[in-house]
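**Q**
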Amino acid sequence: MIDQLLTISPDARTKIDAVRSFNDFPEAALRVRILAKDGPRFRYEIALEDPRERAADDLAVESDGLTVVLDPATATDLAGATIELDPAVTGGGLRIANPNEGWQDPVARAVQDVIDRQINPGVGSHGAQVTLVEVKDGTAFMRFGGVCQGCAAVDVTLKQGVETAIRAAVPAIQAIVDVTDHDAGANPYYQHGH
0 MIDQLLTISP DARTKIDAVR SFNDFPEAAL RVRILAKDGP RFRYEIALED
50 PRERAADDLA VESDGLTVVL DPATATDLAG ATIELDPAVT GGGLRIANPN
100 EGWQDPVARA VQDVIDRQIN PGVGSHGAQV TLVEVKDGTA FMRFGGVCQG
150 CAAVDVTLKQ GVETAIRAAV PAIQAIVDVT DHDAGANPYY QHGH
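Numbering-wise (numbering that gives the first Met the number 0), the sequence shown opens with residue 0 and increments by one.
1) By the three-class DSSP mapping on this structure, what secondary structure does Phe-21 have?
2) Let me confirm a value: Ala-139 is counted as buried when at least 16 other C-beta atoms fall within 10 Å, else exposed. Which label applies?
3) Thr-75 and Asn-97: beta carbons closer than 9 angstroms?
4) Less than 8 angstroms between C-beta atoms, sequence neighbours within five positions excluded: which residues of the same chain meet that for Leu-93?
5) Using CA atoms only, rank isn't needed, just tell me which of Thr-179, Ala-55, Leu-131 is closest to Val-113.
6) Using 9 angstroms as the threshold, is the C-beta distance between Asp-49 and Ala-28 below it?
7) So which of Gly-137, Val-161, Glu-100 has the shortest CA-CA distance to Arg-42?
8) Buried or exposed for Thr-179, going by 16 or more other Cβ atoms inside 10 Å?
9) Please report the straight-line C-alpha distance between Glu-162 and Ala-35, rounded to a whole angstrom.
10) Kindly identify the DSSP beta-bridge partner or partners of Asp-37.
Structural data, given as structure tokens:
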């Protein structure tokens, strides 16, 4: 069943076994779960844990002496994913290559394309970033990050720039909703060079 849900590359398996041996805990289980969706990407938890910590509804699969524990709520979003060694991490961390990331909805994919090609290249030069959180019933829910968070001019930016670009390119979108917590912004005004 583990092969139907996710694959562990040989290098990743070697790393997992080495960490289990180093910690003198050869029966440690590998916990894999999706913690959250951040725009089109998932944030994961990959951790070794005591097999006795497993919840009653967890999915546990034995794979050649390694128990892999999956959260039932996120297991289907891991179907076809691969746990692999991340060469960018010193000492060889793990990462998940997941074909389920990204927007499955064609309207959300179209909105994301506008954000990636038109909006973020423009606002990024000012230290800002726009993230699509969700598309539902013709409404695109967006988060403004970087200097946009807490910015008094975000409403103007939203209405005049982002909304105009998205609605022109994706007619199925009738409204844009800003879900940013602007009160949390540390520096509401961009100060170039400061």
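Yeah, the Cβ is synthetic: ideal placement off N, Cα and C, and Gly gets one too. Everything numeric in this text was worked out from a predicted model, so none of it was measured.
**A** By the coordinates alone:
1) Looking up residue 21 in the sequence shown gives position 22. Reduced to three states, the DSSP call for Phe-21 is helix.
2) Along the sequence shown, read from residue 1 onward, the residue named residue 139 stands at position 140. The residue in question, Ala-139, is buried, as its Cβ has 16 or more Cβ neighbours within 10 Å.
3) Your numbering for residue 75 matches position 76 in the sequence shown. Your numbering for residue 97 matches position 98 in the sequence shown. Against a cut-off of 9 angstroms, the Cβ pair of Asn-97 and Thr-75 comes out as no contact.
4) Taking the first residue of the sequence shown as position 1, residue 93 is located at position 94. Closer than 8 angstroms at Cβ, skipping near neighbours: Ala-11, Lys-14, Ile-15, Ile-45, Ile-82, Glu-83, Leu-84, Asp-85.
5) Mapped onto the sequence shown, residue 113 falls at position 114. If we check each option's Cα against that of Val-113, Leu-131 comes out closest.
6) To locate residue 49, count along the sequence shown from 1; it is residue 50. To locate residue 28, count along the sequence shown from 1; it is residue 29. Yes; because the gap between Cβ atoms is below 9 angstroms, this pair is in contact.
7) Sequence index remark: in the sequence shown, residue 42 carries index 43 (1-based). Looking at the Cα atoms, Glu-100 is the closest of the given residues.
8) If you number the sequence shown from 1, residue 179 lands on position 180. The residue in question, Thr-179, is buried, as its Cβ has 16 or more Cβ neighbours within 10 Å.
9) The residue given as residue 162 occupies position 163 in the sequence shown. The residue given as residue 35 occupies position 36 in the sequence shown. Cα to Cα, the separation comes out at about 26 angstroms.
10) As a working mapping, residue 37 is identified with position 38 in the sequence shown. DSSP lists Arg-40 as partners of Asp-37.
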